[in-house]
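These protein sequence lines map, in sequence, to chains B, H, A and G. Position in the first sequence (from 1) plus 191 gives the number in our numbering. Position in the second sequence (from 1) plus 191 gives the number in our numbering. Position in the third sequence (from 1) plus 191 gives the number in our numbering. Position in the fourth sequence (from 1) plus 191 gives the number in our numbering. Each residue gets a CB set at the ideal place from its N, CA and C atoms; glycine is no exception. Treat the numbers as computed from the prediction; the structure is a model and nothing was measured. Below you'll find the structure, written out as structure tokens, and then a few comments.
Protein chains: 4
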Amino acid sequence: MFKGGLVITIYKSKKLNREKVLRDPIHSYIYIQHQVILDLINTREFQRLRRIRQLGTASSTFHGAEHSRFTHSVGVYEITRQICDNFQRNYPTKEDGDGLWNDNERLIALCAALLHDIGHGPYSHTFEHIFGTNHEDLTVAILTSPSTEVNKVLRAVAPEFPEKIASVIQKTYPNQQVVQMISSQIDADRMDYLLRDSYYTGTNYGTFDLKRILRVMRPYEKGITFHISGMHAVEDYIVSRFQMYQQVYFHPVSRSMEVILNRLLQRAKFLFEHNRLSQSSSPLLLLPFFENNFSVEDYIHLDDGVLNTYFIQWSRSSDKILSDLARRFLNRKPLKSARFSQETKQLLPKLRDFVTAAGYNSDYYTATNDSFDLPYDVYAPNQNRKKTQIELFQDDGTLVELSVISKLVAAITGEVSGDERFFFPKEMLASPDQIDLFTPIYEQFQKYLKNGWLFNNDNNNN
Amino acid sequence: MFKGGLVITIYKSKKLNREKVLRDPIHSYIYIQHQVILDLINTREFQRLRRIRQLGTASSTFHGAEHSRFTHSVGVYEITRQICDNFQRNYPTKEDGDGLWNDNERLIALCAALLHDIGHGPYSHTFEHIFGTNHEDLTVAILTSPSTEVNKVLRAVAPEFPEKIASVIQKTYPNQQVVQMISSQIDADRMDYLLRDSYYTGTNYGTFDLKRILRVMRPYEKGITFHISGMHAVEDYIVSRFQMYQQVYFHPVSRSMEVILNRLLQRAKFLFEHNRLSQSSSPLLLLPFFENNFSVEDYIHLDDGVLNTYFIQWSRSSDKILSDLARRFLNRKPLKSARFSQETKQLLPKLRDFVTAAGYNSDYYTATNDSFDLPYDVYAPNQNRKKTQIELFQDDGTLVELSVISKLVAAITGEVSGDERFFFPKEMLASPDQIDLFTPIYEQFQKYLKNGWLFNNDNNNN
Amino acid sequence: MFKGGLVITIYKSKKLNREKVLRDPIHSYIYIQHQVILDLINTREFQRLRRIRQLGTASSTFHGAEHSRFTHSVGVYEITRQICDNFQRNYPTKEDGDGLWNDNERLIALCAALLHDIGHGPYSHTFEHIFGTNHEDLTVAILTSPSTEVNKVLRAVAPEFPEKIASVIQKTYPNQQVVQMISSQIDADRMDYLLRDSYYTGTNYGTFDLKRILRVMRPYEKGITFHISGMHAVEDYIVSRFQMYQQVYFHPVSRSMEVILNRLLQRAKFLFEHNRLSQSSSPLLLLPFFENNFSVEDYIHLDDGVLNTYFIQWSRSSDKILSDLARRFLNRKPLKSARFSQETKQLLPKLRDFVTAAGYNSDYYTATNDSFDLPYDVYAPNQNRKKTQIELFQDDGTLVELSVISKLVAAITGEVSGDERFFFPKEMLASPDQIDLFTPIYEQFQKYLKNGWLFNNDNNNN
Amino acid sequence: MFKGGLVITIYKSKKLNREKVLRDPIHSYIYIQHQVILDLINTREFQRLRRIRQLGTASSTFHGAEHSRFTHSVGVYEITRQICDNFQRNYPTKEDGDGLWNDNERLIALCAALLHDIGHGPYSHTFEHIFGTNHEDLTVAILTSPSTEVNKVLRAVAPEFPEKIASVIQKTYPNQQVVQMISSQIDADRMDYLLRDSYYTGTNYGTFDLKRILRVMRPYEKGITFHISGMHAVEDYIVSRFQMYQQVYFHPVSRSMEVILNRLLQRAKFLFEHNRLSQSSSPLLLLPFFENNFSVEDYIHLDDGVLNTYFIQWSRSSDKILSDLARRFLNRKPLKSARFSQETKQLLPKLRDFVTAAGYNSDYYTATNDSFDLPYDVYAPNQNRKKTQIELFQDDGTLVELSVISKLVAAITGEVSGDERFFFPKEMLASPDQIDLFTPIYEQFQKYLKNGWLFNNDNNNN
């Protein structure tokens, strides 16, 4: 495909004889014009993304959302390609430092867009929490390790090309236009996942006017800005994102499945560390991670199906907790949950005691949300104002920050979204007519719940 | 949930206090009204369908088509529910034998609709071919084996209920209205998969006017008919189905991936049978199938991820053929193909010889389409006219068969769709400038291809 | 169709032998089940709504938005029908005063929904301003005047039925559930127009999850409430409505066309009152309105086409102002506009003087937004808190007002949306290179404009 | 805007400083890049298309289909623009006669696309039939008459430019690529109207894969061809068109409204010619047409609203036939119809006699379909094989005609679609329980109808 120094020079700018397209439900078609992009898609590291779901456990709530990181990655590439086309058509640089678009940056932007999630593994969030991996570090590793096919393709462009792509993803690349295309409050990544997750879940909260946003987007010396005439389209995007977080990404049932997954891996690790994981339960491809001694190669062999396969094995384990948690995960038996406030947080120890009294090991059968970061960022310019706020471009050349002129955006700016929840077995909500040994415990437990919140029943009963 | 004789009587007709809904991209919502349906969805056998893709290898061509049999199954249930509602509202039976709808059949229809694919396993078509399983038999086994959760739920309705559901799926149930809802030329199954596969692939060939078809559908003594005013909507459905077969289901790349999968499992079975499958390549959950001694329980433990996990293990095998085929499958390296006619079929031995000469074992690296049945049926009333033709209802009560009045349907009636293809390694198409030991062989091979067909070059060169 | 006392009793509840449907792009189908509804649709007063555009001049900005009040009216009917179905299925009254739904109210609700806009005329807003008509009074007149076909149909249901329908539209009907279905912050009227106007303009700002809102809607003793689990769907509806106002209903170009229309009718009225409207410009069907002596019959003869026909006649008038304004309206030559604040309002007399100096009669060629009310209401519970705020229903039966728990809604609650604008001829923006007698005046005028606002240039030039 | 010789040279290629866009529901945006195109849209002749509905009486059947010829015309322009972009990007000419695309033809193609329907008037088909006008001749007249604004803009490009555009529309322009873009079996005109009419009617029969068709379209020396890989997309387009004709364009209710319109204008003309049209019924703007002495200027003053205004006047006429037909048209009271065959055609005189006997003047109250041509062409290569058949391009450069390889297209090729119908007053179908003087006549009449067809009852009763 690419051999020797002579070809390298050509390879960088090699266009396909004829554009190739991938049919895509969100963008109709993904247009592939460079040999490099086609070669990257054909690497095993990229193909592996087909076997990792974009939204992890979310399909347990929204059954349609079974799409993979592969589909999202080509979508981010396509939006970036469209941004580059627009910039090149309307804002081509004329001289250095004029703040306009230099189309020599195109291939860097396209590769970074395509590969920005290449380091993700199965159930990334929970996996990282248990095994101490980090998908951003792994992205860099996959880009820069000579053992990967991705690295081989990138190196064929230029020896320093893999590191360049890595620096875009790490946001240290000098050209902030390229960085912000891939990673900012309103970037190709977020725009694709909102539209895509909306489509696959079957909700319509995430829809916004992509074509209009692309139209008003323009480069400037410090990155990317938007013409003020598109303010409402940008505002609509921010509100859509907020709605998707509230209604999809933060959904309690999906989070509850993440809790079970976390507890399941925690139990397996515990058993492994105490040599109590039987031979028939041994997770061959996971062993390097249990042993905390894994290579990039080991990581590349993981996907959702690999983990699920071990869960199936574990569902037959003689360890009751391991097999029960595995079955709850595989057969979608979510924990229940209730919200709590700073004030009702004090009730948690008492509630855990009830769960213990009802026969559950509360280390494995309860959890609070604290241990789970939010899976995606939310617009919060106060925290990192310098880097990511959205600037609108006015006719006289001045900029104005979005939340200054949008009441809607101001309303959700800097707010901590999401909620804190206490998770517990559904059995605790059993009704009294279901005769059971633990009925009195259930009844006591239930007195502390009201309208979906923990409720300090003790105070009221004084 | 259901215990003892007394509850059984109630269970059958138990409605949920409040309708539950599942969000669905195709039908907006799936409405669940019976406790029985909710309990069936929550069984492990049904939840397992989340881990089996509806379209097998099709996502290698249409990357969006990663949806599972779970989503399709609840969709078939929902369409059936809407048909029952319509029948009950507009065509309720008044006396036995009047050919109208008896709503006591509703629960049977709903359960059969929901469970019609419960016996499907991973990559069903190829799996069945290699291991001699049969998904229809396995559906019946899962419905009727006392060991399954599905059977337990069904038995709680009535002791003979599992067999009733099985008979609907086997088309032997006396009420043909129920049978045809689930299985006929224009049934809930086909209607859901066309709309769903269209949506997820991002093509629009499969769209048709579901609402209009449901409106004109009506029961009669021998099954289901359609009012003639909806003729064009039915016609459009038939044409849409034809288009989906031509453009999606028969796509050569997806079929090529099926070929690789077939060869891969064939090689693993061969190695197993010759004791050449190493310990580290041992497919724990597949062993009962290699040994041809499996239980329903064993079958239920399989899913796409389990097979893929063994493919990952095999990709590291020391057997070159096994590891190469596993990598081709995992990393999406399809074989190439060309169509052949009855006339050019005679070229196949010669072409296989070229493939062998180029260093490939042609038993594993070539195939023809012959060994693969078509994955779905096509409208072909000539073959089984009695059971499945579409009858239109006229105002004076007479029926007329669809293809009699639709030129479009007549055009594709009884036609054998699809094509016969010869599959071979992509490497055979290498161009002469890619210097290679086998270049002369490639060149000879390529002389027998033209415009996507095998071509009898020898004749022309006389 | 309906004759004599005997039939009257039957007529009220007469269902069609077979449901009739109208194909509709928003709701797929409009289902018609009552003979009364079919008869109302077939009246000349209702058919006339086909010739009156729903959005008046908005199609001059969004060319797709050419839909009529007919399409919207049947849409409001359909949503109301779905609400009734849901209420009857899930919340049927058991005893008087239980706050649940009494399905005897259905026909009243359906008729009121269908007829709520029956009194609208061509370009209602401007027409009313010039001729002192009022579409709500005219709605009541059409419902209750014995001369109309609508009244004849309604009377056939019951003698007092026309007044009942009128009282629903006037919000004085005792059952507030019926009133709020048709007229409240989140009623069938608003829900249909948001979805419909979105669809026809081709924007997607107005889309929201109708099915989910219908699911969480429920009756209570004081009207209609929403289950709190649907809070985000309701919130999304409010935000969508806000966006549609900002981006579609308040669009400056459409408003500018309204300004021209207003000035055109004002000029014609002036000429008529001074006997300067020539015979060939005489607007036969409008004369009763110029003479301020019109009947319901006269009003029913008006539609958009009638007014436009007179505008075509007037475009050939010898009165320069009349013919010029008519041509600007017919040929879409909008005025330009700039926003002004309380502070820059003082500039208006000076700017009007410039317009006069450039040769335009500023009484006809300038305007401010003041003279135009907002075409639709905006969520503003502070103003009329009693009647229209949105209450959410919690599991323990208590209600909570939407803006209390939604930051987004709180952000736009009670805000006066829209902007104040000064309209003037586009010619005032001529650039200096277009040599013109008035160039110096244009240049002076333009100094008072900046970034789309009036700008107090005098201060800055001190 | 454009003055003097110097500017003319520049005007032709003048691009807007910044692309302008029109929001469009079908194509998202219409992109306007040339000053010429913007100026053409702003002419009064083009703006007038906003007041003429694309589908005439079809909105009486599909109420959503109220869109104007303006929206369709900008849509045809936009598709043509996309075709030019694709051709210029992928198939730019290198030397004269290579059969590839010369982008100097772009402005001609765009103008012809935009203006192809500029000669259409209100209810074109019927209007032409009564008044002997011809919309193609009028298109040429509007393009080439010095009195029109359109001509003024075109002349500013080049003196011979108006005639060039006219020759494209008349298909005599030498470059057949340009001609076929605008007018062939699969041109920008048909592609836009299928998608647009589908969208506005709310049916989905007309949808097809525009993006894919644009992708496979390519220029060759004799016009336009399609790569064979897109065969199924082209096939789907042909089938969609067939379906739209069957279900929308040929709908009996819309045709019945055309019949009434025809009879209404026929009656008015008769009264005018016999001096029996009263002063208050005088149709000022129509007089030149009644007098058969009209100018282009007169024609430009007509639109749907103008005709409807006179219909409203006529609905108050003392001539019973004129006022009744006017009211039937305005208030949507369609005639009923039945199909007839060559055999049952002989029944027509007898049936007309029944209608006369029931008190209707059968010259005005009956009609057959014969007098109405089909409103759009249908794929019929046999009739005009030379010009319009669809050729598919194979990899080796040879062409193959579509119907040769598509069974579906072959099935509808050369078929005369549509049906012959006899129209009569709905009152003829009155049921016997509606006591009426003419009941016996109705009963006799109805004996000749069966399943929607005329039926030779006399034979059967022998």
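If you compare alpha carbons, which of the options is closest to residue i?
i	options	result
V591/B	G643/B, F646/B, H418/B	H418/B
Q238/B	I377/H, T252/H, Q245/H	T252/H
P631/G	G643/G, A357/G, V546/G	V546/G
S374/G	G588/G, I360/G, R446/G	I360/G
V369/H	R458/H, S338/H, N295/H, Y436/H	N295/H
T604/H	D610/H, D624/H, P623/H, Q580/H	Q580/H
L455/B	A517/B, L539/B, E351/B, I217/B	A517/B
Output needed for residue i: all residues of its chain with C-beta closer than 8 Å, excluding positions within five of it in sequence on either side, in chain order.
i	result
R409/A	F278, N281, Y282, I415, T416, F417, H418, F584
Hey, how far is the Cα of residue i from the Cα of residue j?
i	j	result
F480/G	L478/A	26 Å
T330/B	N560/B	27 Å
T248/A	K598/H	46 Å
L640/B	F615/B	12 Å
G550/H	A621/H	14 Å
E426/G	R432/G	10 Å
Y637/A	M448/A	The question names Tyr, yet the displayed sequence has Gln at residue 637/A. Looking at the two C-alpha atoms, the distance is approximately 22 Å.
S469/B	D515/B	16 Å
L645/A	Q437/A	20 Å
L213/B	H307/G	35 Å
G312/B	R387/H	28 Å
Y428/H	V430/G	12 Å
F322/H	N483/H	7 Å
With a cut-off of 8 Å on the beta carbons, I'd call residue i and residue j a contact; round off their distance for me.
i	j	result
S532/A	R612/A	At roughly 11 Å, the Cβ-Cβ gap does not stay under 8 Å, so S532/A and R612/A are not in contact.
D494/A	R209/A	No, D494/A and R209/A are not in contact; Cβ-Cβ is about 32 Å, not under 8 Å.
V344/A	V227/A	6 Å
Y391/H	A256/H	5 Å
Using a Cβ-Cβ cutoff of less than 7 Å, which residues in the same chain neighbour residue i once the five nearest sequence positions on both sides are dropped?
i	result
I270/A	A379, M382, D383
Q504/B	S471, S472
R272/G	Y222, L301
P443/H	S528, R612
Which same chain residues, not among the five before or five after residue i, have their C-beta less than 6 Å away from its C-beta?
i	result
Y364/B	S358, V370
Item checked: Minimum length 3: unbroken beta strand (DSSP E) runs contained in the region 299–370 of chain A -> none
Item checked: Inside the region 461–495 of chain H only - alpha helix (DSSP H) runs reaching at least 4 residues -> 478–481, 487–491
Check: Which runs of the alpha helix (DSSP H), 4 residues or longer, sit entirely within the region 236–302 of chain H?
Finding: 260–281
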